[in-house]
Each structure stands twice: as C-alpha cells, then as structure tokens.
Amino acid sequence: MPARSGWAEPETAGTAPVSAARRNAYLVTLVVLPAVVPAAAAGVAWGRGVGPRDLVIAAVMYTVSIFGISVGYHRMLTHRAFKCRRPLRVALALAGGLALEGPASLWAAEHRRHHKYADRPGDPHSPWAYGESAWGLARGVLHAQVGWFYTARRRSDRRHWVPDLLDDPDIRRLDAAYPLTAAASFALPALAGGLWSAS
Ligand SMILES: [Zn+2]
C-alpha cells in the first residue's frame with residue numbers, strides 16, 4: 001500500500017469504493033462546518049453577551065449527542081448490547097445523529113469492521129496505520145481521530161456489516177432523514193436560545 005493511505009485501505013471483505021464527491025461532502029459536513037460554524041458564531045457574539053443560557057444549551061446538546069453516540073449508535077445498534085422499547089430506541093438513534101458522526105447504519109458498519117480487524121489491516125481507523133515511528137504515530141492519531149473518515153477510499157459496505165439495521169424500518173427512516181437530523185443539530189441550539197431569551 002502507498003504510505004499516504006496507510007494500511008487502512010486494503011480491499012478487505014465488506015468494503016466498497018467511496019467517491020471523491022462523497023468524501024468531500026463528509027469533510028465539509030462532518031469536520032469543517034461543525035468547527036467553523038460555532039467559531040464564527042462565537043466571533044459574532046463576542047462582546048454581545050454569550051451568557052449562562054448558551055452554556056446550558058451547549059451542555060444539554062453535548063450530553064444528548066454523547067449519549068446518542070455511546071449508548072445509541074455504539075452499544076445499542078453496533079454491538080446490540082441491550083434491547084429497549086421502540087420509542088427509546090428511536091430517540092437514542094436520533095440523538096446519535098445529532099452528534100454529526102454520520103447516519104446510524106454507516107457508523108455501525110464502520111465500527112463493526114473496526115472491531116473485526118482491530119489494529120490490523122482493514123481496521124478503518126487504527127492509530128497504528130502509519131507505523132510506529134514518532135511521525136507515523138502522530139499521523140496515526142490524526143487519522144484515528146478524524147482523518148480516516150474523509151480520506152478513506154473504501155467505505156464499509158452496509159449490506160455486509162449491518163444487514164440487521166438495514167432490515168429495521170426505523171433505522172432506514174432515520175438514515176434517509178439524516179440530512180434533516182444534521183440540519184436540526186445546527187438549528188436546535190439557535191432556536192432554543194432564541195425562544196429562551198425572548199421569554
Ligand atoms: Zn465498540
């Protein structure tokens with residue numbers, strides 16, 4: 001494999017090519033916007049009273065999305081570690097979507113592949129992908145944290161890794177509505193702040 005892409009890219013079973021357009025869309029919606037929009041908003045609001053309400057809203061959104069990812073996407077959907085009633089299941093999956101880490105079935109597919117190949121070729125986000133030199137590990141940390149998602153030339157094939165989730169009508173609907181969920185993740189804090197300060 002060329003050093004540029006580490007060993008995360010072999011054509012292991014259950015992967016499919018991902019287009020450059022899609023990689024760029026991931027980069028913009030999942031990495032650039034979540035960093036730039038809050039920074040720009042903080043810049044605009046600077047000196048105009050970013051107050052305790054904003055911290056409360058940020059803390060609530062953070063808590064909801066963290067639980068959505070760790071309990072919903074990870075434990076419930078990826079590892080099927082527990083079962084719960086349908087409203088809670090949908091709420092947890094929806095909360096995971098608010099974290100802007102992608103649609104539930106894609107997240108679960110990548111994570112099941114990660115466990116199958118953990119820290120070996122085929123693992124989509126191992127920090128060891130670029131070797132054990134200091135430079136390789138520095139690149140590996142970046143790759144494992146965020147870089148893997150928008151540089152990967154191959155994406156985990158959902159039909160291979162998460163057929164159970166593709167068979168779940170609730171998850172299918174949430175996947176299809178993911179752009180709306182992502183938009184809501186940006187809109188909800190603004191809406192909450194506006195309503196709260198108007199009250
Ligand atoms: Zn896991």
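Be aware that the sequence shown starts at 1, since it is given in our numbering, and climbs by one per residue.
Here a beta-carbon is modelled for each residue, glycine too, at the ideal position from N, C-alpha and C.
Asked: Whole-angstrom C-beta distance between His-143 and Ala-129, which should lie under 8 Å; Found: 6 Å
Asked: Meets three-Cβ-pair contact criterion under 8 Å: the region 62-73 and the region 84-92; Found: yes
Asked: Through-space distance from Val-36 to Ala-182, alpha-carbon basis; Found: 15 Å
Asked: His-125 Cβ short of 8 Å to ligand 1 heavy atom set; Found: no
Asked: Alpha-carbon to alpha-carbon, Leu-55 and Ala-42; Found: 12 Å
Asked: Reference Ser-197, options Gly-14, Gly-96 and Arg-53, closest by Cα; Found: Arg-53
Asked: Integer Cβ distance of Leu-98 from Gly-68, believed to fall under 8 Å; Found: 6 Å
Asked: At least three beta-carbon pairs within less than 8 Å, the region 156-166 to the region 110-127; Found: yes
Asked: Burial state of Tyr-26 (16 or more Cβ within 10 Å); Found: buried
Asked: Three CB pairs or more closer than 8 Å across the region 167-177 and the region 77-90; Found: yes
Asked: Inter-residue Cα distance where the pair is Pro-121 and Asp-175; Found: 28 Å
Asked: Strand pairing of Pro-17, partner residues [DSSP]; Found: Arg-154
Asked: Three-way DSSP call (helix, strand, coil) for Phe-82 in this model; Found: coil
Asked: Continuous alpha helix (DSSP H) stretch holding Pro-38: start and end; Found: 33-45
Asked: Residue burial classification, Asp-123 (beta-carbon count within 10 angstroms, cutoff 16); Found: buried
Asked: Bounding residues of the alpha helix (DSSP H) (the contiguous stretch that carries Asp-54); Found: 52-67
Asked: Run of the alpha helix (DSSP H) containing Leu-166, from where it starts to where it stops; Found: 163-166
Asked: Reduced DSSP category for Gly-131 - H, G, I as helix; E, B as strand; rest coil; Found: coil
Asked: Anticipated Cβ contact below 8 Å, Arg-155 with Val-31, distance rounded; Found: The pair is not a contact, with the Cβ atoms about 16 Å apart (cut-off 8 Å).
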